[in-house]
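Position one of the sequence shown corresponds to residue 43 (my numbering), numbered consecutively onward.
The block underneath contains the structure these notes are about, expressed in structure tokens.
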Amino acid sequence: MRLELLLLKLLLLLLLELLLLELLLLLLLELLLLELLLLELLLLLLLLLELLLLELLLLELLLLICKQWVLRLLVLLVLVLLPLLLKRQQQMLLGLLLVLMLLLLLLQHLKLQLLLRSSA
Numbered sequence: 043m044r045l046e047l048l049l050l051k052l053l054l055l056l057l058l059e060l061l062l063l064e065l066l067l068l069l070l071l072e073l074l075l076l077e078l079l080l081l082e083l084l085l086l087l088l089l090l091l092e093l094l095l096l097e098l099l100l101l102e103l104l105l106l107i108c109k110q111w112v113l114r115l116l117v118l119l120v121l122v123l124l125p126l127l128l129k130r131q132q133q134m135l136l137g138l139l140l141v142l143m144l145l146l147l148l149l150q151h152l153k154l155q156l157l158l159r160s161s162a
């Protein structure tokens with residue numbers, strides 16, 4: 043009878059140990075799930091940062107395009123208004139200046155095209 047009690051106690055202790063091991067495994071699984079959730083959160087943050095960077099690049103591209111339009115408007119103003127106010131020699135110098143400005147616009151256009159191709 044005593045032996046049976048001892049065996050029963052031993053069996054209960056083994057069951058208790060098994061339950062504790064199972065609980066430990068469940069806790070480890072919970073930790074792994076939390077780690078996976080943290081990794082997912084980090085990935086989402088990285089995606090958000092990437093979207094913000096893309097948005098900044100698009101805004102910079104828009105700014106380049108707007109700067110180009112402002113330069114075009116300035117050239118048009120120079121083409122229309124200044125020749126009315128200038129003498130012949132000054133008009134020739136203005137023509138040279140306009141050619142240089144048009145070359146500058148062409149260079150900016152080419153730079154913009156290269157930026158578009160490199161980002162694609």
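In this text, a Cβ means the ideal position worked out from N, Cα and C, and glycines have one as well.
Computed from a prediction, not measured in an experiment: that's the story for all the values here.
Check the C-beta distance from residue i over to residue j and give it rounded, since I have them as a contact under 8 Å.
i	j	result
Leu106	Leu154	6 Å
Val117	Leu149	Contact flag wrong, Cβ pair sits at about 14 Å.
Leu113	Leu147	6 Å
Leu99	Ser161	7 Å
Could you compute how far the alpha carbon of residue i sits from the alpha carbon of residue j?
i	j	result
Leu96	Leu87	14 Å
Leu93	Leu145	35 Å
Arg44	Leu66	33 Å
Met143	Lys109	14 Å
Leu158	Trp111	17 Å
Leu54	Leu48	10 Å
Gln131	Leu123	16 Å
Leu52	Leu70	27 Å
Leu104	Leu152	16 Å
Leu75	Leu115	60 Å
Leu84	Glu72	18 Å
Glu59	Glu77	27 Å
Gln133	Leu119	14 Å
Leu81	Leu68	20 Å
Can you tell me which of the three DSSP states residue i falls into?
i	result
Leu128	coil
Met43	coil
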